[in-house]
Each structure stands twice: as C-alpha cells, then as structure tokens.
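Visitor:
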Amino acid sequence: MKFIYRIVFCSVMFVVSPTHANAVLLIESTTQDLAAIASAVGGQYVKSSSLTMGTRDPHFAVAKPSMIRRVHKADLLLLVGADLEIGWLPLLLKSARNPQVQPGNPGYLDLSEAVTLTGVSTVGITRDMGDVHEKGNPHYWLDPRNGIKIANAIAKQLSKLAPEQAEVFQSNAVAFADVLNAKFIEWKQALRHLKNKPVITYHSSLDYLAAAFEFNIVAQVEPKPGIAPSAASLSRLIDKIEKNKISLLIMEPYYERRSSAYLQQQTGIMPVIIPQSVGAQPGIENYADLFDAIIKELKIGSQ
Amino acid sequence: MFSTTLFSWVIRFACVLFIFNSNSLYAIEAVSNKAQSRGMDIGLTALFSAGGSSVDNLTLSDLQAGGHDPARNGFTVQNVELSIAATIDSYFDAQSNFIFLINAEGETVVELEEAFLTTRQLAAGLQLKAGQYFTEFGRQNSLHPHSWSFADQPVILSRLLGGDGLRSQGLRLSWLMPTDWFSELLIGAQNAKGETAQSFLNAAGEDVAGYILIDRRARNSGDLLYSARWLNAADISDTISMNVGVSGLWGPNASDTESDTTIIGSDFYIKWQAINSQRGYPFVAWHSEIVQREYEALNQTNPAHEILVDSGYFSQISWGFKPGWVAGLRIEEARSEGDNSTDPMRDNRQRLSTNITWYLSEYSKLRLQYNQDKTEHLADETAHSIWLQLEFNMGSHAAHSF
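Same order as they appear, the protein sequences are chains A and B. When we follow our numbering, the leftmost residue of the first sequence carries the number 3, and every step to the right adds one. When we follow our numbering, the leftmost residue of the second sequence carries the number 184, and every step to the right adds one.
(1) According to DSSP, is B/N415 part of a helix, a strand, or is it coil?
(2) Does the beta carbon of B/R172 sit closer than 8 angstroms to a beta carbon anywhere in chain A?
(3) Is B/V292 a contact residue of the ligand GDP, with contact defined as CB to any heavy atom under 7 angstroms?
(4) What is the DSSP secondary structure of A/N183, reduced to helix, strand or coil?
(5) Could you check whether A/K226 and A/M131 sit closer than 8 angstroms to each other, using their CB atoms as the reference points?
(6) Figure out for me which residue from A/Q283, A/I248, A/L193, A/E188 has the closest Cα to the Cα of A/Q266.
(7) Would the beta-carbon of A/G138 fall within 8 angstroms of that of A/A84?
(8) Provide the residue span of the beta strand (DSSP E) that contains A/T124, from first to last.
(9) Inspect the CB distances between the stretch 239-255 of chain B and the stretch 352-361 of chain B and report whether three or more fall short of 8 angstroms.
(10) Is the Cβ of B/S351 closer than 8 angstroms to any Cβ of chain A?
(11) Below 7 angstroms on C-beta distance, what does B/G308 contact in chain A?
(12) Check each candidate in A/D77, A/S235, A/T57, A/Q278 and name the one with the smallest Cα separation from A/V26.
(13) Nearest CA to the CA of B/R322: which residue from B/N538, B/I490, B/S449?
(14) Would A/G2 and A/S50 be called neighbours here (beta carbons separated by less than 8 angstroms)?
(15) Between the alpha carbons of A/A290 and A/Y257, how many angstroms are there, rounded?
(16) Apply the 10 Å Cβ neighbour rule to A/P284 and answer buried if 16 or more other Cβ atoms are within range, or exposed otherwise.
(17) So that I know if they touch, is there some Cβ in chain B lying closer than 8 angstroms to that of A/K66?
(18) Between which two residues does the beta strand (DSSP E) harbouring A/M272 extend?
(19) Beta-carbon within less than 6 angstroms of B/L571's beta-carbon, same chain only, minus the 5 sequence neighbours each way: which residues are those?
(20) Which runs of the alpha helix (DSSP H) spanning at least 4 residues fall entirely within the stretch 334-395 of chain B, listed in chain order?
(21) Would you mind telling me which residues of chain A sit closer than 7 angstroms to B/Y546, beta carbon to beta carbon, in chain order?
(22) Starting from B/Q304, find everything on chain A with Cβ-Cβ shorter than 7 angstroms and list it in chain order.
(23) Since B/L407 and B/G434 are thought to touch, with beta carbons under 8 angstroms apart, how far apart are those beta carbons, to the nearest angstrom?
(24) Since A/D59 meets chain B, which of its residues come closer than 7 angstroms, beta carbon to beta carbon?
(25) Tell me A/W143's beta-bridge partners as DSSP assigns them.
(26) Reducing DSSP to helix, strand and coil, say where B/L326 ends up.
(27) Which same chain residues end up closer than 8 angstroms to A/S207 when comparing Cβ atoms and leaving out the 5 residues on each side of it in sequence?
(28) Could you tell me which chain A residues have their CB closer than 9 angstroms to the CB of B/S424, listed as they occur along the chain?
(29) Can you tell me the Cα-Cα spacing of A/A234 and A/Y204, whole angstroms?
(30) Flag this pair as yes or no: are the beta carbons of A/R58 and B/S460 separated by less than 8 angstroms?
(31) Got a sec? Which residues, its chain only, sit under 7 angstroms from B/G578 by beta carbon, not counting five neighbours each side?
(32) Would you mind stating whether B/F231 and B/Q261 have Cβ atoms separated by less than 8 angstroms?
(33) Rank B/E559, B/S547, B/H560, B/T540 by C-alpha distance to the C-alpha of B/Y553 and give the top, closest one.
(34) Considering only residues of the stretch 192-247 of chain A, which uninterrupted alpha helix (DSSP H) runs meet the minimum length of 4 residues and lie entirely inside it, listed in chain order?
(35) DSSP puts B/I514 in a beta bridge; with which residues?
(36) Would you identify the three-state DSSP class for A/T269, choosing helix, strand or coil?
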C-alpha cells in the first residue's frame with residue numbers, strides 16, 4: 003500500500019514542466035494598450051496578448067481560469083499598475099504558479115514606474131472619497147508622450163529577457179517614438195481650438211489626455227470617483243456648467259448615458275464618447291489608431 | 184506511522200522541486216526588491232440579517248441548518264470574519280480567517296475557520312496547500328458567506344457537508360495541467376474528525392439518521408478523509424465563460440469502527456458579461472451543483488447493515504441588471520432513500536428562493552430575500568421566510584475568483 007501511494011505521488015510530482023525555451027517570448031498584458039505597444043516593440047520575436055478587452059473598464063475584470071492559464075505560460079507580464087488591477091491581478095499572480103512573472107522578477111514589468119503619475123495622494127485617503135488611487139491616477143496611457151516612455155521601458159525589459167535581440171527592440175522603440183512624435187504635432191494642431199477650454203469628464207480618467215492636449219477639466223459627472231451621480235449632484239453640476247460656459251462633456255463608452263443625456267437636455271452641453279483603449283471600438287488596432295480615433299471624436303464633438 | 188512517512192516524502196519531493204526549478208534563482212532578487220508583498224493584508228467583513236418566518240424559532244433552526252444562515256425571527260449576526268493574508272517568504276503565501284458570531288444563546292463564538300499556506304514556486308504547475316482549510320469540493324463549499332449569492336447555504340450542502348461547510352486540517356496538491364484549456368486536478372488528505380467533517384468521523388454523540396456516533400479515532404492513513412476535484416474551464420466567447428467540475432470525498436464515518444462514507448458531486452458555472460460592461464454589469468451567471476452521499480451505517484446492537492443514500496441539487500441564476508443591482512432566483516431539492524419524513528435533515532424538501540441585492544459600493548451591500556419551503560417534516564405546511572441582509576467590509580479584501 004505504501005508503495006502505491008509513493009508511485010502516485012512520484013508520477014504526479016515529476017511531470018515534466020512546460021519549458022519557456024521558446025524562441026518567441028510570450029507577453030501577457032493587463033490591457034490592450036500595453037499589448038499593442040509590446041507588439042510594436044517586440045515585433046516578430048514576441049507573441050503579445052491582453053488579459054482584458056479594450057471594450058471594458060480594466061478596474062473591474064475578474065481573474066478567470068483562462069487568464070490563470072495564460073499568466074502561467076507567460077514569459078513577461080506587463081501591467082498598468084498604480085492599483086488599476088488591484089481587484090484581480092493579485093489573485094491571478096497567486097494562482098498562476100509562474101515564479102518568473104512575480105513582482106521583482108524579470109518577467110514582471112509595472113509600467114507606472116516608467117512614467118510620472120499625477121494625483122499621487124499626499125493626505126490620508128478614506129473610502130468616503132470614492133475610488134481614489136493612493137499611488138496616483140493610473141490612466142496615464144492616454145497621454146501619447148507616455149506611450150513612448152512605455153515603449154522604451156518594454157524595450158529595456160525585453161532586452162534583458164532576450165539580449166541577442168536587444169538592438170531590434172531598441173530600434174523598434176525608436177521607430178515607434180518617431181511615428182508618435184510626428185503624429186502628436188498633427189493631433190495637437192487638430193485640437194488647437196480646445197486649448198485652455200473648460201470641459202467636464204465622466205470619471206477622473208482623462209487627466210493625462212487633458213494634459214497632453216491642454217484643455218482644462220473642471221468637473222466630473224461622478225460626484226466622487228466611482229460613485230454614481232445623484233439628482234442633487236447633477237443639479238450642482240448644471241449650475242457649474244452654466245456658470246463656466248462649459249460646452250463639452252467627454253466620457254468613455256462603458257459609462258451610463260442617462261446622466262449625460264440629461265445634462266445635454268438641461269444645458270446644451272455636447273457629450274462626446276471617446277474610445278479609451280486600443281480595442282474599445284472596431285478598427286483601433288494599435289496605439290496610434292487610438293489617438294486618431296480620440297482626436298476625430300473630439301474634433302467632431304467640439305465643432 | 185504511515186502518515187509520517189508520507190509527509191516526509193512530500194517534503195523531500197518539494198525540496199527536489201525547489202532545487203531543480205531554475206526560476207527559484209529569481210527569488211533572491213525579489214526579496215531585495217521593494218516587494219509590495221512585504222506587508223500584511225488585514226480585512227474584516229461583517230454580515231448581519233433581520234427577518235422572520237411563518238414558523239417558530241425551533242422549526243426555523245431546522246430549516247436554516249447552515250452555521251451562517253439567518254436562523255431566528257429577529258436579528259442574526261451571521262458572520263464577522265477577520266482575514267489576514269501575506270506572502271511569508273519566496274516559498275509561501277499564507278492566509279488565516281477567524282470567525283466571530285453570536286449564537287442562539289447570545290454567546291459569542293470564535294472559530295479558527297482557516298489557516299493555511301500555499302506554495303509559490305513549485306515547478307510543473309503544481310501547488311501545495313497545507314493547514315486548516317475548506318475542502319475544495321464543488322464550487323460553493325469553499326466560498327465565504329460574504330461572497331454567497333444568497334443569504335443562506337444550499338440545503339443539500341448543509342445536510343451533506345455540514346452547517347459550517349466541510350473544512351479540516353490536511354494537505355492538498357493541485358496540478359495545473361498542460362492542456363490547451365484550463366484544467367486543474369486537486370488531490371487532498373485531511374483529518375476526518377470534528378464537527379466540520381459532519382458526514383465523516385464528526386464528533387462523538389452526534390446523531391446521523393438516528394445512529395448515535397461513537398468516538399472513532401484515526402488509526403492509520405486509511406482513516407483520513409481523501410478528496411479529489413477536477414475543474415475544467417473555458418471561454419466560449421468574448422462574453423461567455425464556463426467552469427465544469429467533478430469532485431469526490433472518501434473517508435470513514437463514526438456510526439461504527441469499520442464504516443465509510445462516499446460523497447460525489449458535480450458543479451457547473453457559466454457567466455455572461457456584456458462586451459462593454461460598466462463596473463462588471465450587466466451580467467447573468469448560472470451556478471448549479473448536484474451532490475450524492477452514501478453513508479454506510481453500522482450498529483453493534485443492530486447487525487443489519489444499512490447504506491443511507493442522500494442526494495440533492497441547487498440551481499441558481501444571478502442577473503446583474505444595472506451597476507450595483509443583482510436579482511437572484513434559486514431552486515433546490517434534497518431527498519433520501521427510504522421513509523425519513525420526520526427527520527428534518529433527511530426528509531424530501533424543496534426550497535424556492537428569490538432575492539435582490541444592492542451593492543452600494545464595493546464595500547457594502549443590502550439584500551432582501553424570500554424563501555418558500557415545502558418539506559415533509561412540516562406535514563402540509565409551507566414555510567415562508569423573509570430576510571434582510573446587511574454587509575460591510577473594511578480594510579483590504581482579497582479578490583474573488585471567477
């Protein structure tokens with residue numbers, strides 16, 4: 003009997019591990035934006051995919067078994083960080099049984115460390131303030147200049163994992179930056195009439211977009227981050243819109259539309275729905291596509 | 184004797200795996216890095232209910248047999264749970280859950296619900312869990328009360344796995360199989376003794392179907408409770424994901440010195456979530472489990488052997504129709520072979536429940552639930568109960584799995 007138990011244990015425990023000795027690095031990202039940038043930088047030497055879809059709010063993903071399996075096999079995990087994925091990534095990392103992608107190891111890259119975050123809390127945070135991120139506002143990919151920083155950080159990390167391709171990753175990152183820098187001038191030109199204009203957003207998620215294109219966010223539809231608007235909060239907002247002569251309301255596609263329709267009806271403010279991520283709408287395949295689509299919507303909405 | 188041999192072998196294999204797993208080299212780097220996992224995550228969730236039933240408290244306590252069920256006309260402290268979790272070192276994660284509740288006599292009860300560690304870096308998709316923990320049988324048994332979709336535990340689980348759910352001390356090995364879809368195999372051995380192993384050695388003096396349990400002690404590894412579970416999961420589309428599991432339990436019971444219990448079950452969970460969901464809404468989730476127990480009942484004073492067969496199922500749908508709002512419907516049936524119409528834990532019973540839950544934020548919720556019970560031991564009477572449940576949680580809170 004003893005012998006049988008040992009045989010069972012041996013056979014279960016000595017099963018050959020699936021090795022990571024592929025020529026192609028498997029990259030899993032928490033959002034489609036990071037996956038798209040990683041794909042641009044890694045080129046043919048990586049296989050890049052996203053754990054969540056750009057059509058959904060990445061705060062509220064769930065650690066599905068299919069995601070556990072993918073992180074288990076990954077060589078590199080890219081995350082937005084600043085607690086954006088706090089609701090699901092820790093559980094995923096615990097379940098994935100892949101030491102390489104644990105924090106501190108070369109397979110784990112938190113891209114919030116590659117950029118300068120705004121809204122870092124210097125005072126104590128309580129939950130009465132809503133969904134405030136103590137480490138700073140995590141929606142930094144909406145500034146194209148941060149996209150370049152992300153690409154550089156990914157190139158550096160890929161070079162550690164596959165040193166023989168370091169030059170390729172480096173030149174891909176440079177090419178990526180060149181395209182974005184050229185486009186950024188065009189995009190700013192297209193939105194020059196918005197410069198210093200007051201706008202409102204639904205959630206406190208567009209601060210970096212505002213910084214890049216120099217418009218001013220003066221209020222949010224949500225009274226506190228993550229808290230649904232009430233009749234009282236909307237009525238205060240109507241006063242503010244009228245007082246400051248705000249004509250533009252910018253929001254992501256996944257928020258409810260009743261509040262914006264009500265505000266439009268009361269004040270004439272123009273709601274503009276912008277895609278917030280690669281994959282949020284059909285046709286947004288890469289990072290530059292995302293800003294092409296955002297600029298197009300903002301231009302139409304603000305004319 | 185055998186148990187110690189088995190244990191030493193497990194430790195030996197674990198050591199070998201640590202040594203040969205090249206990834207463990209990274210661990211040293213992780214420690215020197217500003218690892219965010221250095222601190223402890225401490226959280227507290229509290230679950231209260233108020234309500235009443237068309238039957239009196241004594242009858243109600245038979246109907247609401249779960250240890251955390253609202254079971255009194257008036258107010259119930261269902262569950263106050265203190266959770267502490269941390270990464271111990273580069274080899275282990277650990278978690279501990281302490282339960283506080285106030286029983287029908289008004290006394291505060293403290294339970295060590297769980298305290299276990301799991302390995303961080305075994306090779307080949309393996310993970311070992313050791314300590315006191317909920318047995319991974321089906322989907323519902325290892326869920327904590329604050330993540331239940333209903334205010335109370337399914338009838339068949341209260342009957343077969345016990346009011347507090349099945350949990351005990353032991354060791355469990357899980358293997359994430361190298362398949363093209365998610366497939367996980369879990370095999371475990373736990374102590375069979377104690378009130379939280381109700382269908383097994385349980386506690387002396389308790390009765391099961393009229394058999395008064397003896398004080399049966401584990402003599403060798405054959406007297407442990409063995410468990411196995413095979414969980415498969417797949418994404419059917421971008422919006423639909425599904426889990427299918429089968430589980431089994433094998434162990435001794437205390438109706439006599441040579442009697443055994445077998446429990447088998449199957450569980451199914453499927454969830455649809457809108458492609459452009461806001462805060463995870465709208466969604467529809469359907470969760471069903473079917474369970475059967477064969478309890479070998481022997482008795483020295485009555486030489487006739489008896490196999491008690493109990494079975495049942497529950498099937499529940501949750502519909503998150505707008506952010507923060509979930510409507511639920513659950514149907515359940517529990518039965519046993521033979522005439523047990525006067526035994527509240529074995530008679531034929533059907534329960535229908537419907538509820539609506541409002542999550543004011545991620546950290547608080549209100550739930551209103553209606554139960555309709557048709558059960559043989561209440562003769563022709565149908566019991567109607569209404570429960571209002573309030574939950575809050577503070578501190579950090581572990582993420583929920585799919």
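Ideal Cβ positions, reconstructed from N, Cα and C, are used throughout, including at glycine.
Guide: Inspection of the coordinates gives the following:
(1) By one-based count along the second sequence, residue 415 of chain B stands at place 232. Under the three-state reduction of DSSP, B/N415 is assigned to strand.
(2) Chain B is shown from 184 up to 585; residue 172 of chain B falls before or after that span and cannot be answered.
(3) As for the ligand GDP, it is missing from this structure, which has no ligand bound.
(4) If you number the first sequence from 1, residue 183 of chain A lands on position 181. When secondary structure is reduced to three states using DSSP, A/N183 falls in the helix class.
(5) The sequence position of residue 131 of chain A within the first sequence is 129, counting from 1. The sequence position of residue 226 of chain A within the first sequence is 224, counting from 1. Yes; because the gap between Cβ atoms is below 8 angstroms, this pair is in contact.
(6) Taking the first sequence and counting its residues from 1, one reaches residue 266 of chain A at position 264. Comparing alpha-carbon positions, the option among A/Q283, A/I248, A/L193, A/E188 lying closest to A/Q266 turns out to be A/I248.
(7) Working through the first sequence from its first residue, we reach residue 138 of chain A at position 136. Working through the first sequence from its first residue, we reach residue 84 of chain A at position 82. It is a contact, given that the beta carbons lie within the stated cut-off.
(8) For the purposes of this step, residue 124 of chain A is taken as residue 122 along the first sequence, with counting starting at 1. That residue, A/T124, is in no beta strand (DSSP E); it is neither H nor E in DSSP.
(9) Taking 8 angstroms as the limit for Cβ pairs, the verdict is that the stretch 352-361 of chain B does not touch the stretch 239-255 of chain B.
(10) On the second sequence, position 168 is the one that residue 351 of chain B refers to. Chain A contact via Cβ: absent.
(11) Sequence index remark: in the second sequence, residue 308 of chain B carries index 125 (1-based). What B/G308 touches in chain A: H74, R99.
(12) As a working note, residue 26 of chain A is residue 24 in the first sequence. Cα-wise, what sits closest to A/V26 is A/D77.
(13) Start at 1 with the first residue of the second sequence, and residue 322 of chain B comes out as number 139. With distances taken between Cα atoms, B/R322 lies closest to B/S449.
(14) Chain A is shown only over 3 to 305; residue 2 of chain A falls outside these bounds and no answer can be derived.
(15) Counted from its first residue, the first sequence places residue 290 of chain A at position 288. Counted from its first residue, the first sequence places residue 257 of chain A at position 255. The straight-line gap from Cα to Cα measures roughly 24 angstroms.
(16) Numbered from 1 along the first sequence, position 282 holds the residue referred to as residue 284 of chain A. Answer is exposed; the Cβ neighbour count stays below 16.
(17) Position 64 of the first sequence, counted from the start, is the residue given in the question as residue 66 of chain A. A/K66 counts as touching chain B.
(18) Taking the first sequence and counting its residues from 1, one reaches residue 272 of chain A at position 270. Looking at the DSSP string, the run of the beta strand (DSSP E) that includes A/M272 is 272-275.
(19) To locate residue 571 of chain B, count along the second sequence from 1; it is residue 388. Correct list, in chain order: A233, G234, L551.
(20) Here the runs fully enclosed are 338-343.
(21) Walking along the second sequence from the start, residue 546 of chain B turns up at place 363. Simply R129.
(22) By one-based count along the second sequence, residue 304 of chain B stands at place 121. P101, listed in chain order.
(23) Start at 1 with the first residue of the second sequence, and residue 407 of chain B comes out as number 224. Start at 1 with the first residue of the second sequence, and residue 434 of chain B comes out as number 251. Between B/L407 and B/G434 a beta carbon distance of about 7 angstroms is seen, short of the 8 angstroms cut, so the two are scored as contacting.
(24) The residue given as residue 59 of chain A occupies position 57 in the first sequence. Chain order gives the chain B residues near A/D59 as Q461, R462, where near means a beta carbon separation below 7 angstroms.
(25) The residue you call residue 143 of chain A lines up with position 141 of the first sequence. According to DSSP, A/W143 bridges with nothing at all.
(26) Looking up residue 326 of chain B in the second sequence gives position 143. Note: B/L326 maps to coil in three-state DSSP.
(27) For the purposes of this step, residue 207 of chain A is taken as the residue at position 205 of the first sequence. Shown here for A/S207: same chain residues with a beta carbon closer than 8 angstroms to its own, the five before and five after excluded, namely N139, H141, L144, E254, Q278 in chain order.
(28) Your numbering for residue 424 of chain B matches position 241 in the second sequence. Chain A residues near B/S424: V64, K66, P67, S68.
(29) Residue mapping note: residue 234 of chain A aligns to position 232 of the first sequence, counting from 1. Residue mapping note: residue 204 of chain A aligns to position 202 of the first sequence, counting from 1. Distance between the alpha carbons of A/A234 and A/Y204 is about 16 angstroms.
(30) Numbered from its first residue, the first sequence carries residue 58 of chain A at position 56. Numbered from its first residue, the second sequence carries residue 460 of chain B at position 277. Yes, the Cβ-Cβ distance between A/R58 and B/S460 is below 8 angstroms.
(31) Taking the first residue of the second sequence as 1, we reach residue 578 of chain B at position 395. Listed in chain order, the non-local C-beta contacts of B/G578 below 7 angstroms within the same chain comprise I225, G226, L227, local neighbours out to five positions each way being set aside.
(32) Position 48 of the second sequence holds residue 231 of chain B. Position 78 of the second sequence holds residue 261 of chain B. Their beta carbons are under 8 angstroms apart, which means B/F231 touches B/Q261 by this criterion.
(33) For the purposes of this step, residue 553 of chain B is taken as residue 370 along the second sequence, with counting starting at 1. The option with the nearest alpha carbon to B/Y553 is B/T540.
(34) Given a length threshold of 4 residues, each whole run of the alpha helix (DSSP H) inside the stretch 192-247 of chain A is given here in chain order: 209-215, 233-246.
(35) As a working mapping, residue 514 of chain B is identified with position 331 in the second sequence. In DSSP, B/I514 forms a bridge with B/S498, B/L535.
(36) In the first sequence, counting from the first residue as 1, residue 269 of chain A sits at position 267. Helix.
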